[in-house]
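Heads up, the thing below is written out as structure tokens.
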Amino acid sequence: MSTIDLGGKTVNRLGYGAMRITGPGIWGPPADHDEAIRVLRRSVELGVTFIDTADSYGPDVSENLIREALHDGTGYGDVVIATKGGFTRHGPNIWAALGRREYLRQCVLMSLRRLGVEQIDLWQLHRIDPRTPREEQFATLREFLDEGLVKQVGLSEVSVEDVQEAQAAGVPVASVQNRYNLGDRRAEKLLDFCTEQGIAFIPWAPVDAGNLARPGGPLEKVAANHPGVTTGQLAIAWLLRRSPIVVPIPGTSSVAHLEENQAAERVELTDDEFESLSKAA
1 MSTIDLGGKT VNRLGYGAMR ITGPGIWGPP ADHDEAIRVL RRSVELGVTF
51 IDTADSYGPD VSENLIREAL HDGTGYGDVV IATKGGFTRH GPNIWAALGR
101 REYLRQCVLM SLRRLGVEQI DLWQLHRIDP RTPREEQFAT LREFLDEGLV
151 KQVGLSEVSV EDVQEAQAAG VPVASVQNRY NLGDRRAEKL LDFCTEQGIA
201 FIPWAPVDAG NLARPGGPLE KVAANHPGVT TGQLAIAWLL RRSPIVVPIP
251 GTSSVAHLEE NQAAERVELT DDEFESLSKA A
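Residue numbering for the sequence shown follows full-length UniProt numbering, beginning at 1 and increasing consecutively.
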């Protein structure tokens, strides 16, 4: 499995996104608590060393489950736990950005407590709050680094210009997390920038290929050359090949689906297959 340096460790590039182990609308506990624990533990058994979560998943639920399933009494060993802050929750599928200095500090301190660590490997600003001065938000990230509360910081749903502004404010951006997949390339310019800069690019919704996964569509045609391989696995394989700094985090609440997603790491696309899928979007 290919690797990347992230969160102060070398991690496998195919990670796991822990959003779906919560209730409907990313609100409340999962319908099957024991299955959520099995998913987390099985992910590590399968070689996952990068798990992405957020304090707003639940809220708090995902972080608490991660600690219950994977904390060994001192920490998480070789597994990097990345979390995010900066979203308040007011009900199922309701998200509101809040980037005030005191709130972001509360986010970090509470995540430290829930995860049971003294330092967060990678803490990401879930959204840049348009109602709070950007310089205040970036300065707060710099403070977290300087105080040793976090090893690395990242940004989510941003542009190239946003990243450059953060860098100019003294923030060493280690990762960027934007929606990006085979069918949604709006972050293409940002991905190219991150590749040049060596910044980890964590695409969320990595398996959502949209119309490309339709019956008889481009993914199904390529799948015909790979017996037993699903279109979802092909979509992940395409991301892994797209750039060496891409870290897909397919999420699920099912062990069976987890195993299917992680098997995508063994799928090898030919040059022609990769090019045909790249041009199809």
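The beta carbon of each residue, even a glycine, is placed where N, CA and C say it ideally should be.
Assigned with DSSP and collapsed to three states, residue 11 falls in strand.
A buried status is given to residue 53, since no fewer than 16 other beta-carbon atoms sit within 10 Å of its beta-carbon. Your pair residue 181 and residue 157 does not check out as a contact, with CB atoms roughly 14 Å apart and the cut at 8 Å. DSSP links residue 191 through a beta bridge to no other residue. Per DSSP, residue 207 lies in no beta strand (DSSP E) segment and is marked neither H nor E. Residue 96: member of the beta strand (DSSP E) spanning 95 to 97, first to last residue. Counting only residues of its own chain and dropping the five nearest sequence neighbours on each side, residue 183 has a CB closer than 7 Å to the CB of 208, 209, 210, 211, 212 and 281. Fully contained in the stretch 56 to 139 are the following alpha helix (DSSP H) runs of length 4 or more, in chain order: 61 to 70 and 101 to 115.
In the structure shown, residue 179 falls within a strand segment according to DSSP collapsed to helix, strand and coil.
For the 8 Å CB-CB criterion, residue 48 and residue 253 do not form a contact.
Residue pairing by DSSP places residue 152 opposite 122 in a beta bridge.
Within the stretch 205 to 281, the runs of alpha helix (DSSP H) at least 4 residues long that lie entirely inside it are, in chain order, 218 to 223, 231 to 242, 255 to 262 and 271 to 280. For residue 51, the enclosing beta strand (DSSP E) stretches over residues 50 to 52. The beta-carbon separation of residue 197 and residue 154, rounded to 12 Å, does not stay under the 8 Å limit for a contact.
A distance below 8 Å between beta-carbons, with the five flanking residues on each side excluded, links residue 71 to the following residues of its chain, in chain order: 115 and 116.
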